[in-house]
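Protein chains in written order, with the numbering used here: chain C, -6 to 413; chain U, 301 to 957.
Ideal Cβ positions, reconstructed from N, Cα and C, are used throughout, including at glycine.
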């Protein structure tokens, strides 16, 4: 390999993707909150003006990170984690309550959202801890400690309560999977659990148990020669049946009614275009009405006339879908997918376990946000209020994702110097 | 690198799968499913109905009878109307807090998300005040419409009024009308509804999520313009109508004047009348109830709905039909001893005086009952057929004069009047052996006979035309092209040859123009008016005064019937009214002495208000009621049974016997 200069070793392609996403976000925020009296995209009275500042600062933060020694992040990862945990406790005490969530610490005109930085800190500490255990075979003790590192901030975020942000931490399951702490079976079982969960809500539980019994019966018949499998199938069947029954119970008694309603709307069990379903319905209308080529910049009626709430933040994809159509949406998804795949490739080319684990953490969290955020706007996942990274309006979110990404790029740029 | 490197592909596979799922889903909702585009358009599009101006109604000389005046409906979208200054709004549109709440509840029941009418028909003045503050009332906005306005407050019964459509109207129209639309309910408004209403337009307006207007959709490409309703030119003579209404003030009855050569109705008065503007605006409901409760029944369209025995004026028809039937002729003379004896001399139908030997001309001039007793006897008894058969022939002849059936005026609610069939009498007398003496009172227009004032005026038009008429009508031209309905151009024969009219007309001329005639006091100087007085006996009170006439004798311009209930002699009360109207119409002056005019203008034949005693009695029994009662309606709430105001012909039957 040819020796490159410092800037030559930086993965410029990823930075390009990052910058593209930021610009797409900025223009679409402009369209989403466009105010004819403030036509300048730099007008500071508006969200799009502010976003330009956030992008500029993110750029500075990003390149500052690239200058900092990569070892700094490895060595301070426990400290960063502790500071963020303290902030997460602090926000519960002195935080400002916005929209029912005690998630913000006011800092002058700026509001800090510690949960955004929680993901960064968790990724760093998790990478630090798991990488220290790579010389051993994956064992349950390491898994439990790793899980604890993840679950502590989750618990604190849940207390705000901000379910959406808390859920994002669970994306780190990919990290455990990649490192071998979670097996294929578990991943499959996870998939099965999700499938059964949705079925249980849609179809009568006894019907599902009946179908499961039928499948189990067929399996047992075809496997009748192998006693060991018969027992496994039997156990699996029983476990599934109990799970289905539990889901129904949990759904009725554990979930809060607004969460239940959101799930009901997604599953089509409840038609309520003016109530819980309003956001989703208007969001789908916005995206669906974009058609193949979209209505054009600043031409989206759904966007312009404020039919979709939270349009510059959680529902920013509506603007893209409406004004740029299927073609524009697909381009955005392609950029995202390229970024995600690139991150996995970057992860795998790292020489240190730390950097690899961290990289998977970044990819997982970005993937989760991408999937849940866009998925909710088009009605394939329940409405969960989380931002679309680099695109949604907001300083905390943009900065935290930028820091998350640029720390990875910093590791990547110095991967040859970090043998470990 | 470690042993789980391959899992990289699983993870990347999941990323790709999810991206494909999202793209597939996007493809479905953006490219395949078109309903979202429709929904998006429905979201922002408000089809705002543009109400067309209703057609204006003019009089025959181009003066406006009905026009449109802008009013403003206040609409509210309940979900948006939050945190508003209720007190200020109430004050501005003059309602109380309770009223505010009921209106709001009603709107919310209709739909919390769609605008519904909060308060109807604010005047321009109220709107001007409200508009300044409207920005403070989120969720409220104003839509302008027009209402009818009547500059001279005349002719309510013939012009009619419009009202909001009810469910039945909507159903019948097969979707043309929508809730909140207006439809002609009575009068010309109703009979010409389809022409007057015009064509609604639609404006495609864009609104935002809060339902605030944001300009027009596609620069109005899909908008349709409202087409104003057709204007109507009425046959009414505005000035003559005003005079007639003034003359009929404080009286009950009718005035109908027809232009004989065309059948155009020049004047159409139903008294007592009311101000048609009462049926417009926010007080409409109260006013409507007030009119409905008024025991003089101002909303009753007397010229076409009230039927009275015509009295002596019927002798004109009797004389004409008898001549045509050949039972009398110009030279027929009967001797009048002061009454007509019939039924073997046991009964008598009295004359007002002893006329002696009476010719046809004289019989009309002096209104001789005896003469028509004989005529009727010949008509029924001496035609070589049974009584009922002869009667039927006679009845048929009367039908040709427009009696006993509707004339087909372009006004809803016309009543046919009544000429009983022979079966009626056969049934009443138990067999068909009855003769003229059984219903002799018909000969002089009394008894079981009901004729509407319109039919009376039409008889005069027939006589003026010497044998035919045009269907009386109120609209002479429709729209800009001035279309005339074909049915009004059709000449209808009355079945009596022209030559038979001359003696009758001569009799009518003498009645008015020769000293001693029943109508001599109401002759019009310089105009040869032919007329006939009548005094219809009324068992319930004062007789009804009738006068009908046409003028001038040659080439008549106006045929008129005046009917004043409970007034007394026709020559005294109805005659002067006809006199003034005819002179006004023909010469545009009134030469009747001032004191005589004032006598008519000031006469009051309305039922007397309750005496003080009754009033006090009322007060003590219904104190609570009294307080809520509006001023001016006192005495309308009858504690005694409502008096029948219109004398049914059968009730008069024995009046003259």
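- Less than 7 Å divides the Cβ of residue 858 (chain U) from the Cβ of residue 557 (chain U).
- Taking 7 Å as the cut-off, the beta carbon of residue 319 (chain C) is found closer than this to the beta carbon of residue 331 (chain U).
- As computed with DSSP, residue 844 (chain U) is found in a beta bridge with U:836.
- At least one beta carbon of chain U lies nearer than 7 Å to the beta carbon of residue 334 (chain C).
- Neighbourhood of residue 312 (chain U) in chain C, by CB distance below 9 Å: 333, 334, 337 and 338, in chain order.
- Look at the region 155 to 174 of chain C: the residues with a C-beta under 7 Å from a C-beta of chain U are 167, 170, 171, 172 and 173.
- None of the residues of the region 434 to 463 of chain U has a beta carbon lying less than 8 Å from any beta carbon of chain C.
- Beta-carbon to beta-carbon, residue 698 (chain U) and residue 704 (chain U) are separated by about 6 Å, close enough to satisfy the 8 Å threshold.
- For residue 506 (chain U), the enclosing beta strand (DSSP E) stretches over residues 501 to 507.
- Counted as a single uninterrupted DSSP element, the stretch harbouring residue 596 (chain U) is not any beta strand (DSSP E), since DSSP gives it neither H nor E.
- Of the residues C:213, C:145, C:378 and C:4, the one whose Cα lies closest to the Cα of residue 155 (chain C) is C:378.
- Taking the Cα of residue 355 (chain C) as reference, the smallest distance to any Cα among C:321, C:95, C:36 and C:396 is reached at C:396.
- Think of a sphere of 7 Å around the beta carbon of residue 368 (chain C): the chain U residues whose beta carbon falls inside it are 322, in chain order.
- In the DSSP assignment, the residues bridged to residue 649 (chain U) are U:640.
- Taking the Cβ atoms as the reference, residue 545 (chain U) lies roughly 6 Å from residue 454 (chain U), within the contact range of under 8 Å.
- In summary, the residues of the region 335 to 350 of chain U whose CB is separated from some CB of chain C by less than 7 Å are 336, 337, 339, 340, 343 and 344, in the order they occur in the chain.
- Residue 314 (chain U) sits in a helix when the DSSP states are folded into three classes.
- The continuous beta strand (DSSP E) containing residue 446 (chain U) extends over residues 440 to 449.
- At a cut-off of 7 Å between C-beta atoms, residue 465 (chain U) does not count as an interface residue with respect to chain C.
- According to the DSSP assignment, residue 367 (chain U) belongs to no alpha helix (DSSP H) but to the beta strand (DSSP E) extending over 364 to 376.
- Think of a sphere of 7 Å around the beta carbon of residue 307 (chain U): the chain C residues whose beta carbon falls inside it are 170 and 171, in chain order.
- Along the region 282 to 303 of chain C, the positions whose C-beta sits under 7 Å from a C-beta of chain U are 282, 283, 284, 285, 294, 295, 298, 299 and 300, read in chain order.
- Nearest neighbour of residue 803 (chain U) by Cα position, chosen from U:466, U:679 and U:659, turns out to be U:659.
- Within the region 57 to 114 of chain C, the complete beta strand (DSSP E) runs of at least 3 residues fall at 89 to 91, 94 to 100 and 103 to 105.
- Look at residue 735 (chain U) here: in three-state DSSP terms it is coil, with no helix or strand label.
- Residue environment analysis places residue 199 (chain C) among the exposed positions, since fewer than 16 neighbouring C-beta atoms fall within 10 angstroms of its C-beta.
- Look at the region 14 to 38 of chain C: it has no residue with a C-beta under 9 Å from a C-beta of chain U.
- Going by beta carbons, residue 591 (chain U) and residue 574 (chain U) fall inside the 7 Å limit.
- The contact set of residue 322 (chain C) on chain U, defined by CB atoms closer than 9 Å, consists of 322, 323, 326 and 330 in chain order.
- At least one CB of chain U lies nearer than 7 Å to the CB of residue 330 (chain C).
- Using a C-beta cut-off of 8 Å, the region 661 to 680 of chain U makes contact with the region 804 to 817 of chain U, since at least three inter-stretch Cβ pairs fall below that distance.
- Residue 860 (chain U) carries a strand assignment under DSSP once its states are collapsed to helix, strand and coil.
- Within the region 375 to 392 of chain U, no residue has a Cβ lying closer than 7 Å to any Cβ of chain C.
- The C-beta distance from residue 625 (chain U) to residue 679 (chain U) rounds to 6 Å, short enough to meet the 8 Å contact threshold.
- Closer than 8 Å at the C-beta level to chain C, one finds these residues of the region 405 to 423 of chain U: 413.
- Within the region 356 to 384 of chain C, 356, 357, 360, 363, 364, 367, 368, 371, 372 and 373 place their CB atoms closer than 9 Å to a CB of chain U, listed in sequence order.
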